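Student: Following this message is one structure expressed as structure tokens.
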Amino acid sequence: MSEAVEHRQRRERELASLYATARALTALGDVDTVLSSIVRHAHELVGTDVTYLSVFDDPHSQLTLRAVEGSLSPEFRTAHVPGNTGVGGRVVESQSAFWVRNYLTDDTLMHDAGFDAVLRAEGIVALLGVPLRDGTRVFGILYAADRVERPFDIDEVALLSAFADHAAIALQNARLYEESTQALKDLQDAYATIERSAAVHEALTRVVLTGGGAREVAHLLVASLGGRVAIYDRDDHLLVTTDNVRGKADAPSDGLSDALSDSRRTGRCATVQDGDAAPLPQFHSLVAILAGDTYLGAVVLSHLHTPSAVEQRTLERASQILGLMTLKQNAVVEAEERVRGELLTEVITTVRPIPAELAARAASRHVQVEMFTALVVAEGVSRRSLDLTRRLHTFSAEWSGLAGEYFGVATMLIVTDDLDGAAAAIQRRLRATLHEPILVCATPITGLNESLTRPFTIASRCLKILRASGIDDRGTTSAHLGLYATLFDPARAEDLTTLLADNIGELIDYDTRRGTDLVGTLAAYFENSANLTKTSKALHVHMNTLIKRLDRVSAVIGEQWQQPDNALSLQVAVRLHSLTSVLGSSPAN
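According to numbering that gives the first Met the number 0, the sequence shown holds residues 0 to 588 in order.
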């Protein structure tokens, strides 16, 4: 009777303990606290010397102790054991409980020398292990151990298994709780990032609406993303920088050409690492500023780390805003250029004195047309005249000038009392900003009762003469080309016609009738200092052929052409005639 009562009381204690552990699971408290409670209750009810719970760090790699009751040595509390050894290995293999009467003497088990030493120091002999399962996966083991050799009965196995099930639920709950907490944190972080990104985008839009510029965009990006920002125009000239951006960020074309090509192709952010930067490597993130296929510039963010996906999108958004701003500014500039170009055309084509209505329209743009003293034209090697015209616009006020495009030529009317100095200064300014050789020619404005078409013709023809002479980088005036005055001054067209007719008119007529090129032969002859060998090579003809051609020249214009006095005037005439083709007309004809 007493045994039945004792059995019933023990069962009541077991159920109460299991109920207590089940209730602890619903609290979602600290998982280690819950596991310690489970191990403590199991230790009290099963009644073994030591009770402990171990969990796999990685699937079946190593068991790590998480909670223990009854141990004496500190080494035992920090013990690790490979998952495929000992009782744990059998539990994982069978996915069920397993026990041994004497662990250290059982040769059927795979032993780990280090863990055996820990058990020996703790005095453990008999050992029971039951699995913690998640479906069909064993992810931990609950152990009960005694310091004497003995078997474990079925009730002990069942009770320990019940506690193991509770421990499995506790660990799964903790994992799910941690995952849900992390998911919530990730969601909150993502929402905060979206809010920050939206705030930056709103601020960027506000910059456009309030008439801000590239500088405001750059400082806004630094405030949002940190680092340093540099913004470049379509010619890769630095517009704005928030700091002294060194190294590969000096220009998109310097060290960032590959990134620039990628960004121009994709419209996305491209990042490169500058390992030479001191003291730490820097990352330069570049986005091309595009309008369709048109390249408008680039924005570069330099930082000590690579930008996140959201930061890259922010940089791309900034490039779009900069593109809109550039298009807006270009529209304003083009409208002003168009108005000034039309005004320039009227001023050039209008016969002096300037009508009051035209003078008033010019005055509304702070231009005093009656004061102009010179006309300047400019030409680059590869630049469009529009590019030169825009640069002339930027500093035309320094000469109280008016710039525009006239007949496809970058032209500016200026006020100066130093024509040579003005031509040289304008050429230097254009060359410095456009980074290529530039030709500039200035000519004075004379005559009170005529238009400015003659000064324009003189200046533009001087440019052609300079380029035909192999000169492509100079600032000069028409006065320095006085030798060619009959060629570039339309008022002296008759003088040129007379000079050519008197000296080589017969040769020109002969070439026209016979389809020969005696004038061209003479030009090569004079260019090679009358050296027959050099001349024949230049013309790619045999020496005998050249001599026959020169004999034909003598037959047409007389033997005296080779006399020093006659040769000089003939050489000038031949040179002027060759340049008439450069100017697109031949007054001699």
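Don't be surprised by glycine CBs; every beta carbon is placed ideally from N, CA and C.
The model shown is predicted, which means the values in this text are computed figures rather than measured ones.
Within 10 angstroms of the Cβ of TYR483, are there 16 or more other Cβ atoms? Answer buried if so, exposed if not.
Tutor: The residue is buried, with at least 16 neighbouring Cβ atoms inside 10 Å.
Student: For the putative contact between ILE444 and LEU374, defined by C-beta atoms under 8 Å, what is the C-beta separation to the nearest angstrom?
Tutor: So it is a contact: roughly 6 Å between Cβ atoms.
Student: Can you look up VAL137 in the DSSP assignment and give me helix, strand or coil?
Tutor: Strand.
Student: Once the 5 residues before and after GLN94 are set aside, which same chain residues still bring their CB inside 8 Å of it?
Tutor: Closer than 8 Å at Cβ, skipping near neighbours: PRO130, ARG132, THR135, VAL137.
Student: Since I believe GLY139 is in contact with PHE55 (beta carbons under 8 Å), could you give me their beta-carbon distance rounded to a whole number of angstroms?
Tutor: Going by Cβ atoms, the distance from PHE55 to GLY139 rounds to 6 Å, so yes, they are a contact pair.
Student: Go through the region 35–70 residue by residue and report every complete run of the beta strand (DSSP E) that reaches 3 residues or more, in order.
Tutor: As far as the region 35–70 is concerned, its whole beta strand (DSSP E) runs of at least 3 residues are 49–55, 61–68.
Student: Helix, strand or coil for TYR231 per DSSP?
Tutor: In this structure, TYR231 counts as strand in the three-state DSSP scheme.
Student: Counting beta carbon pairs with one atom in the region 27–45 and one in the region 150–166, are three or more of them shorter than 8 Å?
Tutor: Verdict: yes, contact present.
Student: According to DSSP, is ASP261 helix, strand or coil?
Tutor: Residue state, collapsed to three classes: helix.
Student: Looking at the unbroken beta strand (DSSP E) that takes in GLY377, where does it start and where does it end?
Tutor: The sequence given here has Ala at residue 377, not Gly. Element bounds for ALA377: 373–379.
Student: Can you tell me where the beta strand (DSSP E) holding SER284 begins and where it ends?
Tutor: Here the beta strand (DSSP E) through SER284 covers 281–290.
Student: For VAL366, report the span of its beta strand (DSSP E) as first-last.
Tutor: Element bounds for VAL366: n/a, residue is neither H nor E.
Student: Rank SER381, ASP508, GLN181 by C-alpha distance to the C-alpha of ILE437 and give the top, closest one.
Tutor: The shortest C-alpha separation from ILE437 is found at SER381.
Student: Nearest to THR313 by alpha carbon, out of VAL228, VAL376, GLN367?
Tutor: Answer by Cα proximity: VAL228.
Student: Counting only runs of 3+ residues fully inside the region 432–514, write out the beta strand (DSSP E) ranges in chain order.
Tutor: As far as the region 432–514 is concerned, its whole beta strand (DSSP E) runs of at least 3 residues are 437–443, 473–476.
Student: From ARG466 to LEU521, what distance separates their C-alpha atoms?
Tutor: Looking at the two C-alpha atoms, the distance is approximately 21 Å.
Student: What did DSSP end up calling VAL147 once you bin it into helix, strand or coil?
Tutor: Coil.
Student: For a test of the three-state rule: what should DSSP assign to THR32, helix, strand or coil?
Tutor: Reduced to three states, the DSSP call for THR32 is helix.
Student: Less than 6 Å between C-beta atoms, sequence neighbours within five positions excluded: which residues of the same chain meet that for SER223?
Tutor: Counting only Cβ-Cβ distances below 6 Å, and skipping sequence neighbours, we find VAL199.
Student: Quick one: what's got a C-beta closer than 6 Å to ARG214's C-beta in the same chain, skipping five residues either side?
Tutor: Only VAL239 meet the Cβ criterion.
Student: Could you tell me the alpha carbon to alpha carbon distance between ARG263 and GLN311, rounded to whole angstroms?
Tutor: Looking at the two C-alpha atoms, the distance is approximately 15 Å.
Student: Buried or exposed: where does ARG548 fall if 16 or more other Cβ atoms within 10 Å of its Cβ makes it buried?
Tutor: By the neighbour-count rule (16 or more Cβ atoms within 10 Å), ARG548 is buried.
Student: Distance check for TYR524 and ASN530, CA to CA, integer angstroms please.
Tutor: When rounded, the distance between both Cα atoms is 7 Å.
Student: Is the region 201–212 touching the region 258–272, taking contact as three or more C-beta pairs under 8 Å?
Tutor: Cβ pair count under 8 Å is below three, so no.
Student: With DSSP run on the structure shown, which of helix, strand or coil describes ASP242?
Tutor: Here ASP242 sits in coil by DSSP.
Student: Please confirm whether LEU52 and LEU183 have their CB atoms less than 8 Å apart.
Tutor: In this structure, LEU183 does not lie closer than 8 Å to LEU52 by Cβ.
Student: Return the CA-CA distance between LEU289 and PHE394, expressed in angstroms with no decimal places.
Tutor: Between LEU289 and PHE394, the C-alpha separation is close to 27 Å.
Student: Return the first residue and the last residue of the beta strand (DSSP E) that MET411 is part of.
Tutor: Taken as a continuous stretch (DSSP letters only), the beta strand (DSSP E) holding MET411 covers 408–413.
Student: How would you write the range of the alpha helix (DSSP H) that ARG96 sits in, first residue to last?
Tutor: Per the sequence shown, the amino acid found at residue 96 is Ala instead of Arg. That residue, ALA96, is in no alpha helix (DSSP H); it is neither H nor E in DSSP.
Student: Just to confirm the assignment, what range does the beta strand (DSSP E) spanning TYR405 have?
Tutor: Residues 401–405.
Student: Under 8 Å between the Cβ atoms of LEU343 and THR265?
Tutor: Result no, Cβ atoms of LEU343 and THR265 do not sit closer than 8 Å.
Student: Who are the Cβ neighbours of LEU575 in its own chain at under 8 Å, not counting the five residues just before and after it?
Tutor: Closer than 8 Å at the Cβ level, and outside the excluded window around LEU575, lie TYR483, THR485, LEU486, LEU495, LEU498, LEU499.
Student: Using the Cβ count rule (16 or more neighbours within 10 Å means buried), how would you classify MET324?
Tutor: The residue in question, MET324, is buried, as its Cβ has 16 or more Cβ neighbours within 10 Å.
Student: Whose CA, out of HIS541, ARG389, GLU378, VAL366, lies closest to the CA of LEU412?
Tutor: Comparing Cα-Cα distances from LEU412 to each of HIS541, ARG389, GLU378, VAL366, the minimum goes to VAL366.
Student: So which of SER468, ASP488, GLY469 has the shortest CA-CA distance to SER477?
Tutor: For SER477, the nearest C-alpha among the options comes from ASP488.
Student: How big is the Cα-Cα spacing for ALA599 and GLU315?
Tutor: This structure cannot speak to residue 599, because the chain is shown only from 0 to 588.
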